[in-house]
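Visitor: Residue 268 in the working numbering sits at position 268 of the sequence shown; the count goes up by one each step and never skips. Note that beta-carbon positions come from the ideal geometry of N, C-alpha and C, so glycine has one too. None of these values were measured; they are calculated from a predicted model.
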Amino acid sequence: MENTVLTELHERHLANGLHVVVAPNHKAPVVCVTVGYKVGSKDELPTKNGFAHLFEHLMFDGSTNVARGDYFKIAAGAGGSPNAYTAYDQTVYHITVPAHQTELAMWLESDRMMQFGVQEIGLETQKRVVLEEMSQVVENQPYGIWRTKQAEIAYSPDCSHSWEIIGSREHIAGATMQDVQEFFSMYYRPNNAVLTIAGDITPGDAFTLAEKYFSDIPRGDKPIRRNVVTPEMRLGNRSVVVEDNVPLPAVYMSFHTDGFLDKRAVRADILAGIIGEGRSSRFYKSLVYNRQIASSAFAFADQRELSSLFTISATAASPDITCDELSAALLAELTEVIENGITETEILKARNSLKTGISYPLQTATGVADTVTQQTLFWNDPFRINTALSRFSAYSAKDIQDYAREIIRPENMVRVDIIPAG
Numbered sequence: 001m002e003n004t005v006l007t008e009l010h011e012r013h014l015a016n017g018l019h020v021v022v023a024p025n026h027k028a029p030v031v032c033v034t035v036g037y038k039v040g041s042k043d044e045l046p047t048k049n050g051f052a053h054l055f056e057h058l059m060f061d062g063s064t065n066v067a068r069g070d071y072f073k074i075a076a077g078a079g080g081s082p083n084a085y086t087a088y089d090q091t092v093y094h095i096t097v098p099a100h101q102t103e104l105a106m107w108l109e110s111d112r113m114m115q116f117g118v119q120e121i122g123l124e125t126q127k128r129v130v131l132e133e134m135s136q137v138v139e140n141q142p143y144g145i146w147r148t149k150q151a152e153i154a155y156s157p158d159c160s161h162s163w164e165i166i167g168s169r170e171h172i173a174g175a176t177m178q179d180v181q182e183f184f185s186m187y188y189r190p191n192n193a194v195l196t197i198a199g200d201i202t203p204g205d206a207f208t209l210a211e212k213y214f215s216d217i218p219r220g221d222k223p224i225r226r227n228v229v230t231p232e233m234r235l236g237n238r239s240v241v242v243e244d245n246v247p248l249p250a251v252y253m254s255f256h257t258d259g260f261l262d263k264r265a266v267r268a269d270i271l272a273g274i275i276g277e278g279r280s281s282r283f284y285k286s287l288v289y290n291r292q293i294a295s296s297a298f299a300f301a302d303q304r305e306l307s308s309l310f311t312i313s314a315t316a317a318s319p320d321i322t323c324d325e326l327s328a329a330l331l332a333e334l335t336e337v338i339e340n341g342i343t344e345t346e347i348l349k350a351r352n353s354l355k356t357g358i359s360y361p362l363q364t365a366t367g368v369a370d371t372v373t374q375q376t377l378f379w380n381d382p383f384r385i386n387t388a389l390s391r392f393s394a395y396s397a398k399d400i401q402d403y404a405r406e407i408i409r410p411e412n413m414v415r416v417d418i419i420p421a422g
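1. Using the C-alpha atoms, what's the distance from Glu-182 back to Glu-2?
2. Would you tell me roughly how many angstroms separate the C-alpha atoms of Phe-378 and Leu-261, rounded to the nearest one?
3. Closest to Leu-309 by C-alpha separation, out of Gln-150, Asp-269 and His-256, would be which residue?
4. Just the C-alpha distance for Pro-190 and Thr-34, rounded to the nearest angstrom, thanks.
5. Should Phe-184 and Phe-283 be called a contact, given that it needs their Cβ atoms to be closer than 8 Å?
6. Considering only residues of the same chain and omitting the five flanking positions on each side of Arg-219, which have a CB-CB separation below 7 Å?
7. Pop quiz: Thr-7 and Gly-40 are said to be a contact at Cβ under 8 Å. What is the actual Cβ separation, rounded to whole angstroms?
8. Have a look at Asn-412 and Leu-235 and give me their C-alpha separation to the nearest angstrom.
9. Would Ile-321 pass as a contact of Ala-299 if the rule is Cβ separation under 8 Å?
10. Give the range of the alpha helix (DSSP H) segment to which Met-106 is assigned.
11. On the DSSP bridge list, what partners appear for Ile-95?
12. Could you tell me which uninterrupted alpha helix (DSSP H) segments, each at least 4 residues in length, are contained entirely in the segment 376–405, listed from first to last along the chain?
13. If you follow the beta strand (DSSP E) that Thr-230 is part of, which residue opens it and which one closes it?
14. Along the chain, where does the beta strand (DSSP E) containing Arg-12 start, and where does it finish?
15. Suppose you measure from the CA of Ala-463 to the CA of Gly-199; what does that come to, to the nearest Å?
16. List in chain order: all unbroken beta strand (DSSP E) runs of 3+ residues lying wholly within the segment 231–291.
17. At what residues does the alpha helix (DSSP H) containing Arg-415 begin and finish?
18. Given a cut-off of 8 Å, decide if Arg-415 and Ser-318 are closer than it, judged by their beta-carbon atoms.
19. Would you grab the beta carbon distance between Pro-46 and Asp-179 for me? Rounded to a whole angstrom, and I think it's under 8 Å.
20. For the alpha helix (DSSP H) containing Leu-331, name the first residue and the last one.
21. Can you tell me whether DSSP reads Leu-6 as helix, strand or coil?
22. Would you decide whether Lys-73 is buried or exposed? Buried here means 16 or more other CB atoms lie within 10 Å of its CB.
23. Taking all protein chains shown into account, decide if His-13 is buried (16 or more other Cβ within 10 angstroms of its Cβ) or exposed.
24. Since I believe Val-288 is in contact with Ile-418 (beta carbons under 8 Å), could you give me their beta-carbon distance rounded to a whole number of angstroms?
25. For Pro-98 versus Gly-79, is the C-beta distance shorter than 8 Å?
26. Does the contact criterion of 3 or more C-beta pairs under 8 Å hold for the segment 116–125 versus the segment 202–212?
27. Excluding five sequence neighbours on each side, which residues of the same chain lie with their C-beta closer than 8 Å to the C-beta of Arg-267?
28. Does the Cβ-Cβ distance between Val-92 and Thr-373 come in under 8 Å?
29. Judging by CA-CA distance, which residue of Arg-409, His-26, Met-113 and Glu-11 is the nearest neighbour of Glu-56?
30. Can you tell me which of the three DSSP states Leu-18 falls into?
Written as structure tokens, this is what we have:
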């Protein structure tokens, strides 16, 4: 079938609740073992944020049978390539190895899930690493503060989207062993995880290894704490001006939209592609090429499980261009969409770009494992990946025009201006 992405998938649930998915592909002698946990920054407490991202670091700093510093040594010795990432809604760990080292990869991942094995010295070390990362990518990075400021004004303080994934300096510095042990016990359990094995392995061998290494891990007896995002937590008609060490003014405007569990969420991706992706986009042609008031302009759908943000942005072409000028120009392009619609050529280009964005990562075992893990974590359906491409074709130019009209409203928007200090 034209829109089928993966023709062979197999799934099984272990007795402890772990959802295991196998995606065989024998084109190359490699296997990726991925473990995704359904925990991200949105699951944190207002007084203890940044913990999900901190764990991305902690989980490489020792486990039950792997000493501090040994995880990467063991992985490298086997020709493996491990990595991890944290998002608002998930934390994902993966290791890609030669196929004959699959059992080692399964042991490494199960050992981390079995029991929290980080020592006090490991916690203090990783806290320093995260605080340094915070300095580099947020505090001392030009324009790096915008997402933190966006979160603060887009959601009420009691909402777990009101802080960024990296968290707060105060909370990371103050994290104790008891804090992180409690976080591990709450979220790092098999019934809150998906194990995906993709690549050169048979389903039978993969399930046998899953049973051998993961079936004895207890599922945990406490209910998993889940935060909510209510309509009242989504704030609008708010703005903030931040002076920063930047050469040019930049404006960021974000509009509330439904989370990615809503089947219509792809409308945001399509609209973003039309107005703000690449040199053929409306933003680039108008603000950068024709009017020459911006050095860059873009749009993207910041997709999250419960509540997403559709963001548009432009950076001035020269210091004398103001954020108000940039904002007016961006909104004028969206008004044009609302009043006069979009062309079939534009929507076809956006669809094709989005389909490429899904298909390209699936050329590797790592990309397959990551994508399948996400479909399983949030929809409990690994086979949903096979309808991913067709979902983009479900919406017409009129649908995207109506969507723009629905969300582009002052009471639904927050705005962050970053201007040169002094």
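Guide: With the structure as the only source:
1. Only weak support is given to the placement of Glu-2: the predicted model assigns it a pLDDT of 48, under 50, and the value that follows is read from those uncertain coordinates. When rounded, the distance between both Cα atoms is 47 Å.
2. 8 Å
3. His-256
4. 13 Å
5. no
6. Asn-16, Gly-17, Arg-189, Pro-190 and Asn-191
7. Incorrect: roughly 31 Å between the Cβ atoms, too far for contact.
8. 7 Å
9. no
10. 102–114
11. Val-33 and Pro-82
12. 388–391
13. It is not in any beta strand (DSSP E) - Thr-230 carries neither H nor E in the DSSP assignment.
14. 10–13
15. Here the chain comprises residues numbered 1 to 422, so residue 463 is not present and cannot be evaluated.
16. 238–244 and 250–258
17. Segment 413–420 is the beta strand (DSSP E) holding Arg-415; no alpha helix (DSSP H) there.
18. no
19. 14 Å between Cβ atoms; not a contact.
20. 323–340
21. coil
22. exposed
23. exposed
24. At roughly 18 Å, the Cβ-Cβ gap does not stay under 8 Å, so Ile-418 and Val-288 are not in contact.
25. yes
26. no
27. Tyr-395, Asp-399, Ile-400 and Tyr-403
28. yes
29. Met-113
30. coil
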